[in-house]
Every structure is written in C-alpha cells, then in structure tokens.
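These protein sequence lines map, in sequence, to chains X and S.
The first sequence begins at 8 in our numbering and counts up one residue at a time.
The second sequence begins at 120 in our numbering and counts up one residue at a time.
Idealized CB from N, CA, C, for every residue including glycine.
Written out below as structure tokens is the structure these notes cover.
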Amino acid sequence: MSFTEPLDSRSCVLLRLGERRFALAAEQVAELVAPSRIFRFAHRTSQIDGVILRRGRVVAVCDLSEILTGKRLGMSRFYLIATRGRQSAMDWVALPVSGECELIQADLTPASPADSPHVAGWLSHDGEVIEVLNLNALTPGASAAPTESEAQA
Amino acid sequence: MRFKPAPTPKPLRTEQIILFRSSSQIFAISSGSVQEVRSVDSLAGAATGVTEPRVNKVRHAIRRGDRNLYVVNVALHFGLPPSSAALVFVLRKSRLALLVDGIEKMTTMTILQALPSAFCNEERQWYRGLTVLDQSVIPVVSPEGFLTRNELVLLDAVSATTLPPSRPVAGLEVNP
Numbered sequence: 008m009s010f011t012e013p014l015d016s017r018s019c020v021l022l023r024l025g026e027r028r029f030a031l032a033a034e035q036v037a038e039l040v041a042p043s044r045i046f047r048f049a050h051r052t053s054q055i056d057g058v059i060l061r062r063g064r065v066v067a068v069c070d071l072s073e074i075l076t077g078k079r080l081g082m083s084r085f086y087l088i089a090t091r092g093r094q095s096a097m098d099w100v101a102l103p104v105s106g107e108c109e110l111i112q113a114d115l116t117p118a119s120p121a122d123s124p125h126v127a128g129w130l131s132h133d134g135e136v137i138e139v140l141n142l143n144a145l146t147p148g149a150s151a152a153p154t155e156s157e158a159q160a
Numbered sequence: 120m121r122f123k124p125a126p127t128p129k130p131l132r133t134e135q136i137i138l139f140r141s142s143s144q145i146f147a148i149s150s151g152s153v154q155e156v157r158s159v160d161s162l163a164g165a166a167t168g169v170t171e172p173r174v175n176k177v178r179h180a181i182r183r184g185d186r187n188l189y190v191v192n193v194a195l196h197f198g199l200p201p202s203s204a205a206l207v208f209v210l211r212k213s214r215l216a217l218l219v220d221g222i223e224k225m226t227t228m229t230i231l232q233a234l235p236s237a238f239c240n241e242e243r244q245w246y247r248g249l250t251v252l253d254q255s256v257i258p259v260v261s262p263e264g265f266l267t268r269n270e271l272v273l274l275d276a277v278s279a280t281t282l283p284p285s286r287p288v289a290g291l292e293v294n295p
C-alpha cells in the first residue's frame, strides 16, 4: 500500500524577501501597495516597524525578513497588506517585500509536525520548494489561530 | 410622491486634545485630563527629589494637600532619549504630573482608532489609541498608563518621610 500526502490546490501569492521567495494564501492578501510614509512612535513590540495609513485605517508594518531570512530588508519596494485572525477579529498587517508579487495556483502540501510553527504548508513552483507562511505564528499579537496543519488534523 | 427626508447627520464626537513634544516625538493627550500646565521653573521650589530605582522615570514629587503628586518624565517612560523638558502637565483626578518638552498645539480629534493588535506589549497600556491629524498618525496617551498601582505604592513608601508640607504654587489652569 502506498501513502501519498494530501495535496490541496490553492491560490497563493508569492512574495520576495531579499533573495528568497515565500507564499501566502491568497485569501489572506488584501492588496499590494507602494511604500508610503511610515509613522513611528514609542512602543515595545520589536517586530513592528511603525504604522502606515491605508484607506483611512492605521496598519502596523511588520518586517518578517529578519525572522525568515536573518537580514533586515532595508529598502522595501512594496507593502503586501495581509489580513489575519478570524472574521470577528480581523486585523491588517503591512509586510514589506522586496519585489513584485505573483498570484499562482499551486498544490499545497500541509506542514508536518516537524516544521516550524511559521510554516503553514509547502508548494512547488518553477522547480523551487516554497514555504507557505502562517501569519498568525509570524506576526505579534495575533489570535492563536490554528495553522493549516492543525486545522487539517 | 414623497421622498424620505435625508437623514440628519449625526454630530461628530470630537475631543479637545493637546499635542505635546517629548524627545522630538509628538503625542496627544485629552485636554480634559490636564488640570494645569506649568513651567518647570515654577516647580523648582515646590518639588522634592524622589529616588526609587525601580521607578526611575519619577525623580520629583510635589506635595498637594495630604497627597503626593509624582512627576513622570515622559521621555524616560517611553524609553526615548533624554530631552530638555520645559513644561509640566498636572493631570486631573490623578496623582501624576507629566514632564514634557513643550506644547505643539491644541486641537480637536474626531477619530480615535484602536492600536492595531500587532502591538502587544506595554504600549497597550500606554495609549488609548491612535488619531490621524493632517495625514499624520499621533498616539493618544492614556493618563492611567504612566504609573501602575504598584509603582505608586513604591513611590509613596520612599517619599512619605521626605516631602515637605504643601505650599501654593502658581500655574496655568487648562480646564478650570
């Protein structure tokens, strides 16, 4: 008897942080915007860079590159505005990214228990295996939403 | 045919605020929370030094009646570089005064947005929320966020024996 991991075809957005590419589930992505003025004020949440104003809403800017690549992004070309949490407590975060993003349809392999909490799954694209990110595990202050693998367990 | 009358616009809920500077950053505080604005010079004779290493943002206290009023250095509270403070805000219905660099302006806010939930540390106690003025985002401080009950107890313990009896001091009443 052979065992194959369940594949789930999903729309994902590929994003670039420095030299590496990551993916987010498309339903978590609100828009991709050009960098706008960032407002900084005193706070103690280290991953937060500041806030931007988007459609009258204050959105926290959360740089994931240091966690994911070990380097700060420096100059970002765009902000990917992503949603997290559940409908009752939906929240936006702006993720600085270093290049244009790409919407793709891909088969997702769920994360295994051995994967880091920030990995919601894996996809294969252009010969590259790419992490699908779990924003709730990566960004501060998120409600403890289950990861893809937990949700499917 | 009769048209429905246009709904009368609800009056905007507005709040008078003071924009103030501390270590080159701008903050807002509800003017209703501020009882007096005084110059630091006017404190010179009225304030007494307080040394409590666990609450090092408070270095002075003023005796008012039978209570101590603790002067919080706003720059130290927010972890900002030290700055030359020129004004003291004596807070209403509080045992606090705030040491700030200066007043930027008094204005009105119509929007107070909740702090995004990504901010998840002490800043949630520090700020009531964020307001947007002239396309800038300004944090609105929470008067209750400057000292905890435990910090007040610590300060009371060290200042009980050191503060002189109260004396009247002149100041500018913001909300008489």
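| Query | Result |
| --- | --- |
| Roughly how many angstroms lie between the CA atoms of residue 244/S and residue 126/X, to the nearest whole one? | 32 Å |
| Going by C-alpha to C-alpha distance, which of 253/S, 242/S, 213/S, 235/S sits closest to residue 69/X? | 235/S |
| 8 Å is my cut-off, CB to CB: does residue 81/X come that close to chain S? | no |
| Of all Cβ atoms in chain S, is any one closer than 8 Å to the Cβ of residue 60/X? | yes |
| Determine, for residue 100/X, whether the minimum Cβ-Cβ distance to residues of chain S falls below 8 Å. | yes |
| To which residues does DSSP link residue 16/X through a beta bridge? | 114/X |
| Going by DSSP, which residues form a beta bridge with residue 271/S? | Answer is none; residue 271/S lacks a bridge partner. |
| Taking just the CA atoms, how far does residue 135/X sit from residue 67/X? | 30 Å |
| Using beta carbons (cut-off 8 Å, strictly below), is residue 232/S in contact with chain X? | yes |
| Counting Cβ pairs, one atom from each stretch, are 3 or more of them under 8 Å apart for the region 24-44 of chain X and the region 102-111 of chain X? | yes |
| Hey, is residue 272/S's beta-carbon within less than 8 Å of any beta-carbon in chain X? | no |
| Given a limit of 8 Å on CB to CB distance, which residues of the region 175-206 of chain S reach chain X? | 197, 198, 199 |
| What does the Cβ neighbour count give for residue 112/X, buried or exposed, with the cut at 16 atoms within 10 Å? | exposed |
| Look up residue 140/S in the DSSP assignment and say whether it is helix, strand or coil. | strand |
| What is the DSSP secondary structure of residue 287/S, counted as helix, strand or coil? | With a pLDDT of only 48 at residue 287/S, under the threshold of 50, the placement of this residue in the model should not be trusted; the figure read from the coordinates follows. Three-state result, residue 287/S: coil. |
| Taking 8 Å as the threshold (C-beta atoms), are residue 116/X and residue 129/X in contact? | yes |
| Can you pull the chain S neighbours of residue 161/X, defined as C-beta to C-beta under 9 Å? | The structure shown does not extend to residue 161/X, since chain X is modelled only from 8 to 160, so the question has no answer here. |
| Starting from the N-terminal side, write out each stretch of the beta strand (DSSP E) that is 3 residues or longer and does not extend beyond the region 132-198 of chain S. | 134-141, 144-149, 153-158, 166-168, 177-183, 186-192 |
| Please report how far the alpha carbon of residue 59/X lies from the alpha carbon of residue 165/S, in whole angstroms. | 43 Å |
| Does residue 55/X come within less than 8 Å of chain S when only Cβ atoms are used? | yes |
| Would you mind stating whether residue 190/S and residue 180/S have Cβ atoms separated by less than 8 Å? | yes |
| Tell me the DSSP bridge mates of residue 35/X? | In DSSP, residue 35/X forms no bridge with anything. |
| Identify the residues that DSSP records as bridge partners of residue 132/X: which are they? | 135/X |
| Using only CA atoms, which one of 272/S, 221/S, 216/S lies nearest to residue 203/S? | 221/S |
| Considering residue 76/X, what are the terminal residues of the beta strand (DSSP E) in which it resides? | It is not in any beta strand (DSSP E) - residue 76/X instead sits in the alpha helix (DSSP H) that spans 72-76. |
| Which complete alpha helix (DSSP H) runs does the region 192-240 of chain S hold, if anything under 4 residues is left out? | 193-196 |
| Report the neighbours of residue 66/X on chain S: residues whose CB is nearer than 8 Å to its CB, in chain order. | 235 |
| Is there at least one Cβ from chain X nearer than 8 Å to residue 132/S's Cβ? | no |
| Whole angstroms is fine: what's the gap from residue 208/S's alpha carbon to residue 91/X's? | 39 Å |
| Any C-beta of chain X sitting closer than 8 Å to the C-beta of residue 255/S? | yes |
| Helix, strand or coil: which one does DSSP assign to residue 41/X? | coil |
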